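Colleague:
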Amino acid sequence: MALSRRTMLWMVPGATLAVPIGTRLMAQAPAPAVNAEDGVAVRGTDVVAYFTEGRAVAGSPAFTHAWRGATWRFASAANRDLFAADPDRYAPAYGGFCAFAVSEGYTAPIDPQAWRIVDGRLFLNYDQAIKRRWERDIPGRVARADANWPRLSAR
Numbered sequence: 461m462a463l464s465r466r467t468m469l470w471m472v473p474g475a476t477l478a479v480p481i482g483t484r485l486m487a488q489a490p491a492p493a494v495n496a497e498d499g500v501a502v503r504g505t506d507v508v509a510y511f512t513e514g515r516a517v518a519g520s521p522a523f524t525h526a527w528r529g530a531t532w533r534f535a536s537a538a539n540r541d542l543f544a545a546d547p548d549r550y551a552p553a554y555g556g557f558c559a560f561a562v563s564e565g566y567t568a569p570i571d572p573q574a575w576r577i578v579d580g581r582l583f584l585n586y587d588q589a590i591k592r593r594w595e596r597d598i599p600g601r602v603a604r605a606d607a608n609w610p611r612l613s614a615r
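For my numbering, add 460 to where a residue sits in the sequence shown, where the first one is 1.
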């Protein structure tokens, strides 16, 4: 079968682009999702303070730690160092997205004041009203969110 000049010109650029695009896509595995506005995780809230002070505390740009593609802020160097030593212990469930939303199969932003620690895990919610709805069935909501999170975090 003879190929026309037009067919050959069409095929050549497509063939040369297939390798670089395919190579680049294969090399970029999805990073774990983190709720980060402008690169700052969980609206700049010190996630360690939920555990150590029992309340939401604003983090400072002076005390940061880069983890999972986001900048995490802390109220003190001590809190930053605690997080850096064991981020999985302090990082909120579901990358800091709303726990109720993740249990429903989507992600949503959070209000740092709408939080709760359950079995050593920090859960954040969209607002106080959604937090109350989430609290009506914590075990069920956590089970559904845990099942949904792998799919949602791979987006």
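C-beta atoms are modelled at their ideal positions from N, C-alpha and C, and glycine is treated no differently.
Nothing here was measured: the structure is a model prediction, and the numbers come from that model.
Nearest-angstrom Cα distance between Val-507 and Ala-537?
Modeller: 13 Å
Colleague: Just to confirm my understanding: we take Asp-669, look at its own chain, exclude 5 residues before and 5 after, and list those with CB closer than 7 Å. What are they?
Modeller: In the structure as shown, the chain starts at 461 and stops at 615, and residue 669 therefore has no counterpart that could be examined.
Colleague: Where DSSP assigns a beta bridge to Glu-497, which residues make up the other side?
Modeller: DSSP, once it has assigned bridges, lists Val-500 as partnering Glu-497.
Colleague: With Asp-548 as the anchor, note down where its alpha helix (DSSP H) starts and where it stops.
Modeller: Residues 547-550.
Colleague: Could you pull the start and end residues of the alpha helix (DSSP H) that Ile-590 belongs to?
Modeller: 588-595
Colleague: Just mark Tyr-431 as buried or exposed, buried being the case when its beta carbon has 16 or more other beta carbons within 10 Å.
Modeller: The structure shown does not extend to residue 431, since the chain is modelled only from 461 through 615, so no value can be given for it.
Colleague: Find out if the Cβ-Cβ distance for the pair Val-502, Leu-584 is shorter than 8 Å.
Modeller: Cβ distance < 8 Å, so Val-502 and Leu-584 count as in contact.
Colleague: Taking C-alpha atoms, which residue in Ala-526, Trp-594, Ala-551 lies nearest to Ser-563?
Modeller: Trp-594
Colleague: Under DSSP, the beta strand (DSSP E) around Ala-605 begins and ends at which residues?
Modeller: First-last for Ala-605: 598-613, but that is the alpha helix (DSSP H), not the beta strand (DSSP E).
Colleague: Hey, Ala-535 and Ala-518: beta-carbon distance below 8 Å or not?
Modeller: It is a contact, given that the beta carbons lie within the stated cut-off.
Colleague: In this structure, how does DSSP classify Gly-482 when only helix, strand and coil are distinguished?
Modeller: Below a pLDDT of 50, predicted positions are generally treated as unreliable, and Gly-482, at 41, falls in that range; the measurement from the model is reported next regardless. DSSP places Gly-482 in helix when its eight states are reduced to three.
Colleague: Pick helix, strand or coil for Ser-536, following the three-state DSSP scheme.
Modeller: coil
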